[in-house]
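Following my numbering, the numbering of the sequence shown begins with 38 at its first residue and continues without gaps.
For reference, the structure is listed below as structure tokens.
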Amino acid sequence: MAERPSLRILLSAFACDPQFGSDEEVGWQWARELSSRGYEVTVLTRASHRQSIESTVQASGACADVHFEYLDLPLLHALFALIARRNQIYYYVWQAAALFRVARLLRTRSIDLIHHVTWVSFRQPSFLGLLDKPFVFGPVAGGDEIPRGYMRNFSWSQKALEHARVLLNRLVR
Numbered sequence: 038m039a040e041r042p043s044l045r046i047l048l049s050a051f052a053c054d055p056q057f058g059s060d061e062e063v064g065w066q067w068a069r070e071l072s073s074r075g076y077e078v079t080v081l082t083r084a085s086h087r088q089s090i091e092s093t094v095q096a097s098g099a100c101a102d103v104h105f106e107y108l109d110l111p112l113l114h115a116l117f118a119l120i121a122r123r124n125q126i127y128y129y130v131w132q133a134a135a136l137f138r139v140a141r142l143l144r145t146r147s148i149d150l151i152h153h154v155t156w157v158s159f160r161q162p163s164f165l166g167l168l169d170k171p172f173v174f175g176p177v178a179g180g181d182e183i184p185r186g187y188m189r190n191f192s193w194s195q196k197a198l199e200h201a202r203v204l205l206n207r208l209v210r
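Here it is in structure tokens:
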């Protein structure tokens with residue numbers, strides 16, 4: 038019986054850095070784990086992670102067979118650095134740029150599946166699901182709610198913020 042070709046997966050990992058925890062580690066571990074299971078992995082991540090990724094690959098050999106594509110928008114990132122909540126705004130702009138970058142990439146590289154792994158909140162979408170490829174979104178976090186009993190110690194502004202977040206969560210679902 039002929040061996041099946043490996044599944045070719047494109048990981049969308051806005052955060053992917055082997056030298057940090059949290060979302061950065063989530064992106065890196067997904068790439069490492071899928072690669073170790075024999076999948077052909079391409080990771081689209083931010084160019085700001087390049088040095089850390091390349092030094093780790095060179096030092097440890099981890100993810101040596103993973104292909105990394107880097108995307109950043111340095112002028113916009115500098116602009117949003119002046120604005121409060123800049124990472125949220127930049128994330129959405131980056132996702133739009135990622136859509137066009139992956140569409141171009143699909144013209145030259147065969148991809149079977151697109152999997153969005155970071156950021157991992159259902160309130161922060163990936164536009165890559167608009168492409169004509171099977172798309173996996175998650176694992177996902179962010180739908181939790183603070184129990185009402187805990188909120189009695191919150192200030193009015195904290196209560197308003199939490200109620201707004203809960204409302205947004207329910208609208209997005």
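For every residue, glycine included, the Cβ atom is placed at its ideal position computed from N, Cα and C.
**Item:** Range of the contiguous beta strand (DSSP E) that encloses S49
**Value:** R45 to A50
**Asked** By a C-beta neighbour count over all protein chains shown, 10 Å radius and 16 as the cutoff for buried, is G64 buried or exposed?
**Response** buried
**Prompt:** Does the Cβ of P55 have 16 or more other Cβ atoms within 10 Å, making it buried, or fewer, making it exposed?
**Reply:** buried
**Item:** Where the beta strand (DSSP E) containing V80 begins and where it ends
**Value:** E77 to T82
**Asked** Applying the criterion that 16 or more other CB atoms from any shown protein chain within 10 Å of the CB defines a buried residue, is R281 buried or exposed?
**Response** With the chain running from 38 to 210 in the structure shown, residue 281 is simply not present.
**contact_flag[the segment 154 to 168, the segment 192 to 199] where n(CB pairs < 8 Å) is 3 or more** = no
**Simplified DSSP state of S158, which is helix, strand or coil** = strand
**Request:** Determine the burial state of A133: buried for a count of at least 16 other Cβ atoms within 10 Å of its Cβ, exposed for fewer.
**Result:** exposed
**Chain-order list of residues whose beta-carbon lies under 6 Å from that of L47 (same chain, five-residue window excluded)** = T79, I148 and I151
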